[in-house]
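Protein chains: 2
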Amino acid sequence: MVLTSITLECGETISQVEVTYETSGKLNAERNNAILICHALTGDAKAVGDEETPGWWEGLIGPGRYVDTNQYFVITSNVLGGCAGTTGPASVHPESGIPYGADFPVVTIRDMVQVQYELVRHLEIDKLFAVIGGSMGGMQVFEWATSYPDMMEVVVPIATCARLSAVAIAYNDVGRQAILSDPSWQRGHYYPDKGPINGLSVARMLGMLTYRTADLFEYRFGRRLKDDKGDVTQFDSTFQIESYLRYQGQKLVDRFDANSYLYLLKAMDSHDIGRNRGGIKKAIESIQAHVLSIAISGDLLYPADHQEEVVAMMQKAGKNVEYHYIDSIYGHDGFLVEFVKIGPLVESYLNQQYVRVCKRSAASY
Amino acid sequence: MVLTSITLECGETISQVEVTYETSGKLNAERNNAILICHALTGDAKAVGDEETPGWWEGLIGPGRYVDTNQYFVITSNVLGGCAGTTGPASVHPESGIPYGADFPVVTIRDMVQVQYELVRHLEIDKLFAVIGGSMGGMQVFEWATSYPDMMEVVVPIATCARLSAVAIAYNDVGRQAILSDPSWQRGHYYPDKGPINGLSVARMLGMLTYRTADLFEYRFGRRLKDDKGDVTQFDSTFQIESYLRYQGQKLVDRFDANSYLYLLKAMDSHDIGRNRGGIKKAIESIQAHVLSIAISGDLLYPADHQEEVVAMMQKAGKNVEYHYIDSIYGHDGFLVEFVKIGPLVESYLNQQYVRVCKRSAASY
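Taken in sequence, the protein lines are chains L and P.
Take the first sequence: its position 162, counting from 1, is numbered 162 in the working numbering, and each next residue is one higher.
Take the second sequence: its position 211, counting from 1, is numbered 576 in the working numbering, and each next residue is one higher.
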């Protein structure tokens, strides 16, 4: 889909916004079975994928899966500012004919959601059944519930927050500084080169440490050495955990644009559903959707406390909210791994709410 | 003090090793009141300092303080590989006449302790009363207790570990990669230039995030903005927490050598009192000192679990060990801040043990 133009929260306008999306399953005659999936920092529109290239949430969504595409119509789009098909800093500016680079305007989670809203309307869906996402995807879920309260029946924010905490902003800034101080960044105008691959790799290595738990690293790697050299060598890596991290850094560099990484970090930093709405409490008042909130143990970035605080605010405001805390050695990344724990919660909540929606439509005839 | 030569664990020899140290208080006639203080990663020999420039542990040690220099003779030396007076990579190689840089041999915590042992003998002390340290200083304490079991009466490891965990190795490697990928590092031969100041700054920013707790950052900074620009700007920092971190990064760059940072990270990585000793359990068997072990809540790098595990091993091996867990919003950095909590524990343990030592000497006459 191409949007002629979109005006962002910062006041700037982007024209010719390309939006890449995936759909799975079929929109039913009542057009009330659409579920929007929102992806995390380095995710893309391929949540479900296909047999050849399974998507990043194929353990959760698909035919006969917890989110059953035989029943639901599932839409996933790449976020604005991303680098997997939707317009972002690596895209060519329609007027200048060269990539935006650092001239791409600042985007917010709210802007991403606005683009998704346009996509949903483009698909001629008046109301989504659900919006689901984890991590940065969960931020979009929270933003959807407050920006377009009457546009969905259900929201499922997982391992996420209603506003980014100081420590998460801080981790983002360390990753950002690693990228900005890489001379290959060239103030954001490095295309067609790969740009700050060292900086991006360091940022990703750091990311990995916040996405998983110390216990998992200890269990998987402990102090095991890379080879038989012994553990006293020069600057090179010595331990398996180091090789693993560097491999993860390299893997991201191969598939992700550093500028997009910077723009999405900034979008997360500014994430606060209460921004210009008189604070979180006030913003929550507008929520109409039923909320299934899931937090994961050992999540360094989005600890359960915060989600519990938000759930308590919702309950106080008389909202329909169900909360679950799942235990996982994966910590934050549990939302991409713990399908057996998360799946049944999502499945039963969705189905129960879908029955409510169908009954309501039946009654209205 | 200058050591003519020292042979390291890696097999290499360094000659003309300068050792910078500070002493406070007076060695008594029995020469049994000496306490050695071991410093952490970016610490130095100025633990006590003076009125003009108070040391990094002056809240704990000094005349009338918890570790009372009216009673004890307190020695602190800068570690081997450091950059505050003791020989390290920035020192001039006595033969080549230029700084070692990356030609400096790999040092271990065990090597640092060997140098400290030589210092203690140089001061004509046959047996220390105590060895005390936190973080990397605590690693030295553990290493002292196993390398020279009959050289001290008491050891006090604080917020530390008997061997570095996978996640701590991982955090070190992210910091390391930030430095190594800074072109100004020049493979370690950057003197007399300042070298990889951007990389070192990023490494320090990351360090700060592991030294303190999310709760502290939230309480101190929350989402407070740097100025009134609003929270949607370009790549520049937006939040107070970011300015704070960058300031901390800059501050370290001004006082610390990047190569030293790399060498000390590597020394921590290799830290394992069980290395070449048949494992930790076996290493612990040799300990003769009385042990006061102190862990701090919310310590991301050296969680209490690990210290408790080591304490349990010691107890099983019939060692004299007392363990305390203190609560602190500072997390790991609590060892540099929570004097009111740590001080009385250290004071009463030292005094009680000192009485034991004095009684024993009296009985032996």
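Glycine included, each C-beta is placed from N, C-alpha and C at the ideal position.
Taking a cut of 9 Å between CB atoms, which residues from the region 511-529 of chain P lie near chain L? Those residues of the region 511-529 of chain P that come within reach of chain L (Cβ to Cβ, closer than 9 Å) are R528, L529.
With respect to the alpha helix (DSSP H) encompassing A295 (chain L), which residues constitute its N-terminal and C-terminal limits? Numbered from 1 along the first sequence, position 295 holds the residue referred to as residue 295 (chain L). No alpha helix (DSSP H) holds A295 (chain L); the beta strand (DSSP E) holding it covers 290-296.
Please list the residues of the region 541-567 of chain P that have a C-beta atom closer than 8 Å to any C-beta atom in chain L, keeping them in chain order. Correct list: R541, Q542, A543, L545, S546, D547, P548, G553, N563, G564, S566, V567.
Looking at chain P, is there any beta carbon in it that lies within less than 9 Å of the beta carbon of V232 (chain L)? Numbered from 1 along the first sequence, position 232 holds the residue referred to as residue 232 (chain L). The pLDDT assigned to V232 (chain L) is 49, lower than 50, so where the model puts this residue is not dependable, and the model offers no usable value.
Report yes or no: is there a C-beta of chain L within less than 9 Å of the C-beta of T603 (chain P)? Sequence index remark: in the second sequence, residue 603 (chain P) carries index 238 (1-based). With 9 Å as the cut-off, T603 (chain P) counts as an interface residue toward chain L.
How long is the line joining the alpha carbons of Y148 (chain L) and N78 (chain L), rounded to whole angstroms? The sequence position of residue 148 (chain L) within the first sequence is 148, counting from 1. The sequence position of residue 78 (chain L) within the first sequence is 78, counting from 1. Cα to Cα, the separation comes out at about 19 Å.
Report back the beta-carbon spacing between T108 (chain L) and Y21 (chain L) to the nearest angstrom; my notes put them in contact at under 8 Å. Stepping through the first sequence from its first residue, residue 108 (chain L) is reached at position 108. Stepping through the first sequence from its first residue, residue 21 (chain L) is reached at position 21. No, T108 (chain L) and Y21 (chain L) are not in contact; Cβ-Cβ is about 20 Å, not under 8 Å.
Restricting to runs no shorter than 3 residues, where is the beta strand (DSSP E) found entirely within the region 7-67 of chain L? Listed in chain order, they are 13-18, 21-24, 34-38.
Quick check on this structure: which residue in L:A34, L:D333, L:A304 has the alpha carbon closest to the alpha carbon of W56 (chain L)? What you label residue 56 (chain L) is simply residue 56 of the first sequence in a count that begins at 1. The candidate whose alpha carbon is nearest that of W56 (chain L) is L:D333.
Alpha helix (DSSP H) segment containing E503 (chain P), residue limits: Here residue 503 (chain P) is taken as the residue at index 138 of the second sequence, counted from 1. Note on residue identity: the sequence assigns Gly, not Glu, to residue 503 (chain P). Counting along the chain, the alpha helix (DSSP H) containing G503 (chain P) begins and ends at 501-512.
In this structure, does DSSP put R588 (chain P) in helix, strand or coil? Working through the second sequence from its first residue, we reach residue 588 (chain P) at position 223. Residue state, collapsed to three classes: coil.
Own chain, CB closer than 7 Å to E285 (chain L), minus 5 neighbours either side, in chain order: For the purposes of this step, residue 285 (chain L) is taken as residue 285 along the first sequence, with counting starting at 1. Only A317 meet the Cβ criterion.
Cα separation between Y323 (chain L) and T575 (chain P)? Reading the first sequence from its first residue, position 323 is the one you call residue 323 (chain L). Reading the second sequence from its first residue, position 210 is the one you call residue 575 (chain P). Cα atoms of Y323 (chain L) and T575 (chain P): separation of roughly 30 Å, rounded to the nearest angstrom.
Can you tell me whether DSSP reads G626 (chain P) as helix, strand or coil? Translated into positions along the second sequence, residue 626 (chain P) becomes position 261. According to the sequence as given, residue 626 (chain P) is Tyr; it is not Gly. Y626 (chain P) falls in the helix class under three-state DSSP.
For the beta strand (DSSP E) holding P522 (chain P), just list the boundary residues, first then last. In the second sequence, counting from the first residue as 1, residue 522 (chain P) sits at position 157. Where P522 (chain P) is concerned, the enclosing beta strand (DSSP E) stretches over 517-523.
Could you say which of L:D254, L:T146, L:L206 lies nearest to A170 (chain L) if we only look at CA atoms? On the first sequence, position 170 is the one that residue 170 (chain L) refers to. Nearest of L:D254, L:T146, L:L206 to A170 (chain L), Cα basis: L:L206.
Taking 8 Å as the cut-off, is the C-beta of G447 (chain P) nearer than that to any heavy atom in the ligand GDP? What this structure holds is no ligand at all, so the ligand GDP is not there to describe.
Beta strand (DSSP E) segment containing E673 (chain P), residue limits: Counting from 1 along the second sequence, the entry for residue 673 (chain P) is found at position 308. Under the DSSP assignment, E673 (chain P) falls outside any beta strand (DSSP E), being part of the alpha helix (DSSP H) whose first and last residues are 669-681.
Does the region 389-402 of chain P come into contact with the region 497-512 of chain P, if we say contact requires no fewer than three beta-carbon pairs (one atom in each stretch) closer than 8 Å? Verdict: yes, contact present.
Using 8 Å for Cβ pairs, my map puts V155 (chain L) next to V337 (chain L). What's the rounded Cβ distance? Position 155 of the first sequence holds residue 155 (chain L). Position 337 of the first sequence holds residue 337 (chain L). Their Cβ separation, rounded to whole angstroms, is 22 Å, which puts V155 (chain L) and V337 (chain L) out of contact at 8 Å.
Taking 9 Å as the CB-CB limit, is E607 (chain P) close to chain L? For the purposes of this step, residue 607 (chain P) is taken as residue 242 along the second sequence, with counting starting at 1. At a cut-off of 9 Å between C-beta atoms, E607 (chain P) counts as an interface residue with respect to chain L.
Show which residues of chain L have a CB atom less than 8 Å away from the CB atom of V539 (chain P). Looking up residue 539 (chain P) in the second sequence gives position 174. Those are V202, M205, L206, L209, L245, listed as they occur along chain L.
Terminal residues of the beta strand (DSSP E) in which I197 (chain L) lies: The residue labelled residue 197 (chain L) in the question sits at position 197 within the first sequence. Premise fails: I197 (chain L) lies in the alpha helix (DSSP H), 197-211, not in any beta strand (DSSP E).
Ends of the alpha helix (DSSP H) at I280 (chain L)? Along the first sequence, one-based indexing puts residue 280 (chain L) at 280. For I280 (chain L), the enclosing alpha helix (DSSP H) stretches over residues 280-285.
Y354 (chain L): first and last residue of the uninterrupted alpha helix (DSSP H) it sits in: As a position in the first sequence, residue 354 (chain L) is number 354, starting the count at 1. Taken as a continuous stretch (DSSP letters only), the alpha helix (DSSP H) holding Y354 (chain L) covers 339-364.
Should Q315 (chain L) be labelled buried (16 or more other beta-carbon atoms within 10 Å of its own) or exposed? Along the first sequence, one-based indexing puts residue 315 (chain L) at 315. It is exposed - the Cβ of Q315 (chain L) has fewer than 16 other Cβ atoms within 10 Å.
From the DSSP secondary-structure annotation, give me the bridge partner or partners of D468 (chain P). Residue numbering aside, residue 468 (chain P) sits at position 103 when the second sequence is read from its first letter. Answer by DSSP bridge pairing: none, since D468 (chain P) is not bridged.
If you measure between the beta carbons of T86 (chain L) and E18 (chain L), is that distance less than 9 Å? Along the first sequence, read from residue 1 onward, the residue named residue 86 (chain L) stands at position 86. Along the first sequence, read from residue 1 onward, the residue named residue 18 (chain L) stands at position 18. A Cβ-Cβ contact shorter than 9 Å links T86 (chain L) with E18 (chain L).
Considering only residues of the same chain and omitting the five flanking positions on each side of V676 (chain P), which have a CB-CB separation below 6 Å? The count along the second sequence starts at 1 and reaches residue 676 (chain P) at position 311. The answer, listed in chain order, is S658, V686, Y688.
Closer than 7 Å at the beta carbon, the chain L residues around G466 (chain P): In the second sequence, counting from the first residue as 1, residue 466 (chain P) sits at position 101. Residues of chain L passing the Cβ test: none, with the nearest at roughly 11 Å.
If you reduce the DSSP assignment to three classes, tell me which class R486 (chain P) lands in. Reading the second sequence from its first residue, position 121 is the one you call residue 486 (chain P). Of the three classes helix, strand and coil, the one that applies to R486 (chain P) here is helix, per DSSP.
Got a sec? Which residues, its chain only, sit under 7 Å from S602 (chain P) by beta carbon, not counting five neighbours each side? Taking the second sequence and counting its residues from 1, the one referred to as residue 602 (chain P) is at position 237. Hits under 7 Å: K591, S608, R611.
Return the residue from the list L:V48, L:G278, L:S5, L:K282 that minimises the CA-CA distance to N70 (chain L). Taking the first sequence and counting its residues from 1, one reaches residue 70 (chain L) at position 70. The shortest CA-to-CA distance from N70 (chain L) to any of L:V48, L:G278, L:S5, L:K282 is the one to L:V48.
In whole angstroms, give me the CA-to-CA distance for D538 (chain P) and Q250 (chain L). Position 173 of the second sequence holds residue 538 (chain P). Position 250 of the first sequence holds residue 250 (chain L). Distance between the alpha carbons of D538 (chain P) and Q250 (chain L) is about 14 Å.
Determine which residues of the region 690-701 of chain P have a Cβ less than 9 Å from any Cβ of chain L, and write them out in chain order. Taking 9 Å as the Cβ-Cβ cut-off against chain L, none of the residues of the region 690-701 of chain P qualify.
Measuring only between beta-carbons, confirm whether L710 (chain P) sits less than 9 Å from chain L. By 1-based counting over the second sequence, the position of residue 710 (chain P) is 345. No, L710 (chain P) lies away from the interface with chain L (no Cβ there is under 9 Å from its Cβ).
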